[in-house]
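Numbering (the numbering used here), first residue to last: 4 to 150.
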């Protein structure tokens, strides 16, 4: 029986070394592409999370300023800078740090409030990219409505 199997497979060719090396190279390129897509997705979702947290910091500051009486708001400093605020504070000391700038601009019929949050986001490799989130609103002067 084994003699018949040997004769049957004797004239079949196997794969040569260059074919095996090329197929291994193609498999490695495919695996590297899949792994790089995971890394890109992770960095993208982290960036989106920080964007949302910056948006929340900006909106909370604007809502706080809008809750203040107009008379008190009009005597506040025109520019305020808050440094070393934490985005993504996980409690392990590795939080992304950001800066929040608030600008109050007096106008004839109200005050414009502009809030900007800046932070550095890690990109693929060893680099960082500066990101900003900016939000602006207007508070009307209390009194007779403008015509």
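The beta-carbon is built from N, C-alpha and C at its ideal position, and this holds for glycine as well.
Alpha carbon to alpha carbon, how far is residue j from residue i? Give it in angstroms, no decimals.
| i | j | result |
| --- | --- | --- |
| residue 44 | residue 120 | 24 Å |
| residue 86 | residue 23 | 57 Å |
| residue 63 | residue 36 | 41 Å |
| residue 21 | residue 31 | 15 Å |
| residue 76 | residue 39 | 50 Å |
| residue 115 | residue 41 | 42 Å |
| residue 131 | residue 56 | 18 Å |
| residue 3 | residue 144 | Because the chain spans 4 through 150 in this model, residue 3 falls outside it and cannot be assessed. |
| residue 48 | residue 112 | 42 Å |
| residue 104 | residue 52 | 20 Å |
| residue 54 | residue 133 | 12 Å |
| residue 28 | residue 16 | 22 Å |
| residue 157 | residue 123 | With the chain covering only 4 through 150, there is no way to say anything about residue 157. |
| residue 129 | residue 70 | 42 Å |
| residue 125 | residue 91 | 13 Å |
| residue 138 | residue 82 | 15 Å |
Under a Cβ-count criterion, where at least 16 other Cβ atoms within 10 Å of its own Cβ denotes burial, should residue i be classed as buried or exposed?
| i | result |
| --- | --- |
| residue 84 | exposed |
| residue 109 | exposed |
| residue 68 | buried |
| residue 4 | For residue 4, the predicted model reports a pLDDT of 49, less than 50, meaning its position is unreliable and no value from the coordinates is stated. |
| residue 34 | exposed |
| residue 1 | Since the first and last residues shown for the chain are 4 and 150, residue 1 lies out of range. |
Is it the case that the Cβ atoms of residue i and residue j are separated by a distance below 8 Å?
| i | j | result |
| --- | --- | --- |
| residue 140 | residue 78 | no |
| residue 89 | residue 98 | yes |
| residue 73 | residue 142 | yes |
| residue 58 | residue 136 | yes |
So if DSSP puts residue i in a beta bridge, which residue, or which two residues, is it bridged to?
| i | result |
| --- | --- |
| residue 131 | 125 |
| residue 114 | 109 and 142 |
| residue 137 | 119 |
Quick check: is the beta carbon of residue i nearer than 8 Å to any beta carbon in chain B?
| i | result |
| --- | --- |
| residue 106 | Any reference to chain B falls outside this structure, which holds one protein chain only. |
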